[in-house]
Structure formats: C-alpha cells, structure tokens
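This report concerns only the one structure given below.
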Amino acid sequence: MRVILMTGKGGVGKTSVAAATGLRCAELGYRTLVLSTDPAHSLADSFDLEMGHTARQIRPNLWGAELDALQELEGNWGAVKRYITQVLKAQGLDGVQAEELAILPGMDEIFGLVRMKRHYDEGEYDVLIIDSAPTGTALRLLSLPEVGGWYMRRFYKPFQNISVALRPLVEPIFRPIAGFSLPNKEVMDAPYEFYEQIEALEKVLTDNTKTSVRLVTNPEKMVIKESLRAHAYLSLYNVATDLIIANRIIPQEVKDPFFQRWKENQEQYRQEIHENFHPLPVKEVPLFSEEMCGLAALERLKETLYKDEDPAQVYYKETTIRVVQENNQYSLELYLPGIPKNQIQLNKTGDELNITIGNHRRNLVLPQALAALQPAGAKMEGDYLKIRFANIVKA
Numbered sequence: 001m002r003v004i005l006m007t008g009k010g011g012v013g014k015t016s017v018a019a020a021t022g023l024r025c026a027e028l029g030y031r032t033l034v035l036s037t038d039p040a041h042s043l044a045d046s047f048d049l050e051m052g053h054t055a056r057q058i059r060p061n062l063w064g065a066e067l068d069a070l071q072e073l074e075g076n077w078g079a080v081k082r083y084i085t086q087v088l089k090a091q092g093l094d095g096v097q098a099e100e101l102a103i104l105p106g107m108d109e110i111f112g113l114v115r116m117k118r119h120y121d122e123g124e125y126d127v128l129i130i131d132s133a134p135t136g137t138a139l140r141l142l143s144l145p146e147v148g149g150w151y152m153r154r155f156y157k158p159f160q161n162i163s164v165a166l167r168p169l170v171e172p173i174f175r176p177i178a179g180f181s182l183p184n185k186e187v188m189d190a191p192y193e194f195y196e197q198i199e200a201l202e203k204v205l206t207d208n209t210k211t212s213v214r215l216v217t218n219p220e221k222m223v224i225k226e227s228l229r230a231h232a233y234l235s236l237y238n239v240a241t242d243l244i245i246a247n248r249i250i251p252q253e254v255k256d257p258f259f260q261r262w263k264e265n266q267e268q269y270r271q272e273i274h275e276n277f278h279p280l281p282v283k284e285v286p287l288f289s290e291e292m293c294g295l296a297a298l299e300r301l302k303e304t305l306y307k308d309e310d311p312a313q314v315y316y317k318e319t320t321i322r323v324v325q326e327n328n329q330y331s332l333e334l335y336l337p338g339i340p341k342n343q344i345q346l347n348k349t350g351d352e353l354n355i356t357i358g359n360h361r362r363n364l365v366l367p368q369a370l371a372a373l374q375p376a377g378a379k380m381e382g383d384y385l386k387i388r389f390a391n392i393v394k395a
C-alpha cells in the first residue's frame, strides 16, 4: 500500500489537495481511501458530500472517511476508558465530566495513526491518503516507541503480571476503601498492546518507499516557518517528505492595484520556499476564483496539480535532512549535492539555523533537541553537510 500524508498549517488548503490527489489516484485505477484525521474535519465539505467514520464510496475506486475519535477510542481503548471513568466517578465527578476526562489529550491523534495501521494491514486499498492534523503534530508521537520501549518491556510488563496475580487477594480490601476496583487483566493489557501497534506503525511510516509526507504551504512568512518546522520534526523521526505544494498564489493576470503589494510579497516568499526546501520539488497552485468545494472544483485543482502525472509516485527519494545522535552528541546532516564546503556559511539565531551558500540563503527551523545547542563544527561527507551541535558554556 502507498501511504501519502498531507499536512501543513491550518487553513493552507491541505484538505482540498488531499481530495484532489484522491481523485487523480482513483482515475488511474488505484483503489484509494482519503481519510481525515484532523479533529476539525472538512473533508466532507471539500467533496460536498455527507461523510462519517465508515468509508463511503465517492466515485469508482475512490472512498472517503472522517475519523470519529470516540468510536476508535471505544474499539481500541474501551476497557481503559471505562476504568478511568469509574475512578473519576469515585472521586465525585458526575457521569458527563468523567466520560470527557477519560479521553486523554492527544488520544484522537494516536487513534488516527492506529486506524492507518489497520488499513495498511487489511490491504483493502492501493493508496491511503491521510488529511492530517495541522503541522502533522500526531507524527511527533512516533517518539513513543523509542522513549517508552524500555519502560514498557522492563517495568510495565513485570508489573502487569504481578498486578494481575495479586488482584484477587487485594481487591476485597481495596475496593471498600477506595470506592473503585483495581484494574483487571483487560485494562492492564491495553497499554502494552497499544504500544505494540504504534511500534509496528513506525516501521511503515519510516519506510520512504511506501510512505511520504506532502507539505502544503502558502507564500506567507508564518506559514513557511511552520512548514519548515514540520519538515524538521518529520526528519527527526525519519519520516520522508517528497513534495512541497505552494498553494494560493495570486495569478499574474490579476491587475487590481489592491493586490499589488500581496503579489510582490508572494514573489519573495515563493523564492524562499524554493530555496529553503531545496532540493525537494515544489508544485505551485494558483489562488482560484472560486471556493474549492465540490467535485467540479476539485477536478480543476487535480488538473492543475498533476495533469498526466501519477500522484502515487515517490517524487523525491533522497533524505534531505537527517538528525543523528552519536556518543551523546547531535549532528544535523543536510543534503547539498555539488556544494563545496568553502561556499557555506552558518549562523544560528534562536531556533533557526541560517545557511548561506553564495547568493542563496536558507533558514532552517531546528527541532527542540538542537535549538538549545550551538553549532560546533561542520564538514562535507559525500553530498551531505554534517553540522555538529554541542552545549557550549560561555565563560
């Protein structure tokens, strides 16, 4: 299965791009599902059709669905949710409050990833297009296997076995005092089973022959910075970005003086998009004179984006940014083919690394692991510029 994740800052048009991509994939004969995991769903509005948790066929070879976090929660985490609700009720909260608080922050994003893994395992579709939450925040949760792996295997599993064994002995004493029961085996099993699903999903998302992220951005300063930050975080977790889509560019034929300043600013930001994401390919999409709502409008967007191309292809296979940890030190590796080191100048300001190559300048927003450190040396290794970071203490 080919997995394509569309992400970007809220409001940049990623849902429309995801829907148009689905239309083209279905047109080429791929069985395609467009799945919205964004809590603020707009996929149904984009297709101008009723849509829900269960996949609905839109056209031949094309289905659409909007994730219902509550349904996924019940199916994957139901026993834990009911237990947390029981504990909260024993503490005096009413039913509605307890039910709401039992849904932990970020669970809807995690369940979006779990549903993605389920579709991947079932193999019912050839292409799965994810209309992701803004900036792909859910992908940061891929650090869970790395961070929680030792805890889950070395601590949680033995504790789970001990807890299940002692429950019949302790429960008669515990329940009258606390007002709720100790967790049973089903509740204790759920976190570890959940961890195993996320760990398996990580292998799919980090396989750049199967999974790619497409970053949708607009030619605006704040949007570009958010896109650069998302690209850095994706690279931190080894998730490949293969295409940048610069959306809502004011066409040249617009001559109204009101838009003149906008057009000048966009020209500058368009250049920044090409330079800052180089060598990733960039597709530019104009600002249409109509709202991207309904199949007819999405057809026009599809033609503009892809023409005769196959969107399921991998547009770029090289990893443009790598974050490597060696001997408790971090290195940032940038793909800069054909650039001699003596033409490169580095300067760090806040959480941005400024890279100047001749007349070209690239601003790279650093992940948090590197933002607090300082560049401590750089060298070219093949086509990659390897920048070493260290915690430099000022005298």
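At position 75 of the sequence shown the residue is numbered 75 (full-length UniProt numbering), and the sequence of numbers has no breaks. For each residue, glycine too, the CB sits at the ideal point set by N, CA and C.
Buried or exposed (CB count within 10 angstroms, at least 16 for buried), residue i
i: MET222; result: exposed
i: ARG261; result: exposed
i: PHE277; result: buried
i: ALA395; result: In this prediction, ALA395 scores a pLDDT of 47, lower than 50, which makes its location untrustworthy; the coordinate-derived value is nonetheless stated afterwards. So ALA395 ends up on the exposed side.
i: TYR384; result: buried
i: VAL365; result: buried
i: PHE389; result: buried
i: GLY8; result: buried
i: LYS14; result: buried
i: ASN76; result: buried
i: THR85; result: buried
i: THR21; result: buried
i: TYR192; result: exposed
i: ASN328; result: exposed
i: THR356; result: exposed
i: SER289; result: exposed
i: GLU226; result: buried
i: ILE4; result: buried
i: ALA165; result: exposed
i: ILE177; result: exposed
i: ALA65; result: buried
i: PRO257; result: exposed
Element boundaries [alpha helix (DSSP H), containing residue i]
i: PHE194; result: 185-205
i: ALA263; result: Looking at the sequence itself, residue 263 is Lys, so the reference to Ala does not match. Segment 260-276, the alpha helix (DSSP H) holding LYS263.
i: TYR306; result: 295-306
Residue range of the beta strand (DSSP E) that includes residue i
i: ALA390; result: 384-390
i: LEU366; result: Where LEU366 is concerned, there is no enclosing beta strand (DSSP E), given that its DSSP letter is neither H nor E.
i: LYS348; result: 344-349
i: TYR316; result: From DSSP, TYR316 is part of no beta strand (DSSP E); its letter is neither H nor E.
i: PHE126; result: Correcting the residue type first, residue 126 is Asp in the shown sequence and not Phe. From DSSP, ASP126 is part of no beta strand (DSSP E); its letter is neither H nor E.
i: SER331; result: 329-335
i: PRO286; result: 282-286
i: GLY377; result: 374-381
i: VAL12; result: Segment: none, VAL12 is in no beta strand (DSSP E) and carries neither H nor E.
i: GLU326; result: 321-326
Beta-carbon proximity check, residue i vs residue j, cutoff 8 angstroms
i: PRO286; j: ILE249; result: yes
i: THR319; j: TYR335; result: yes
i: LEU35; j: LEU67; result: yes
i: ILE130; j: MET6; result: yes
i: ALA55; j: TRP63; result: yes
i: PRO39; j: ALA133; result: yes
i: ALA378; j: LEU346; result: yes
i: LYS210; j: MET1; result: yes
i: LEU370; j: ASN391; result: no
i: PRO219; j: ILE273; result: yes
i: ALA297; j: GLU291; result: yes
i: GLN197; j: LYS89; result: no
i: HIS231; j: ILE344; result: no
i: ARG59; j: ALA26; result: yes
i: VAL17; j: ILE245; result: yes
i: PRO183; j: TYR330; result: no
Whole-angstrom C-beta distance between residue j and residue i, which should lie under 8 angstroms
i: PHE111; j: LEU73; result: 6 angstroms
i: GLU299; j: LEU23; result: 7 angstroms
i: ARG31; j: ASP126; result: 5 angstroms
i: VAL80; j: ALA190; result: 5 angstroms
i: THR217; j: ASN265; result: With 8 angstroms as the limit, THR217 and ASN265 do not qualify as a contact, their Cβ atoms being about 14 angstroms apart.
i: THR241; j: LEU215; result: 6 angstroms
i: LEU243; j: LYS283; result: 7 angstroms
i: ILE387; j: LEU332; result: 5 angstroms
i: PRO375; j: LYS348; result: 6 angstroms
i: ALA19; j: LEU43; result: 7 angstroms
Any non-hydrogen atom of the ligand NAP closer than 7 angstroms to residue i Cβ
i: LEU353; result: The model on display carries no ligand, and the ligand NAP is accordingly not part of it.
Within-8 angstroms CB hit, residue i to chain C
i: ILE84; result: Judged by its chain identifiers, the structure shown contains no chain C, having just a single protein chain.
query = In chain order, which beta strand (DSSP E) runs of at least 3 residues are fully inside the region 19-101?
reply = Counting only runs of 3 or more, we get 32-36, 56-59 and 62-66.
ask   = Of all the alpha helix (DSSP H) runs that stay within the bounds of the region 206-255, which reach a length of 4 or more residues?
value = Listed in chain order, the complete alpha helix (DSSP H) runs (minimum 4 residues) inside the region 206-255 are 221-236.
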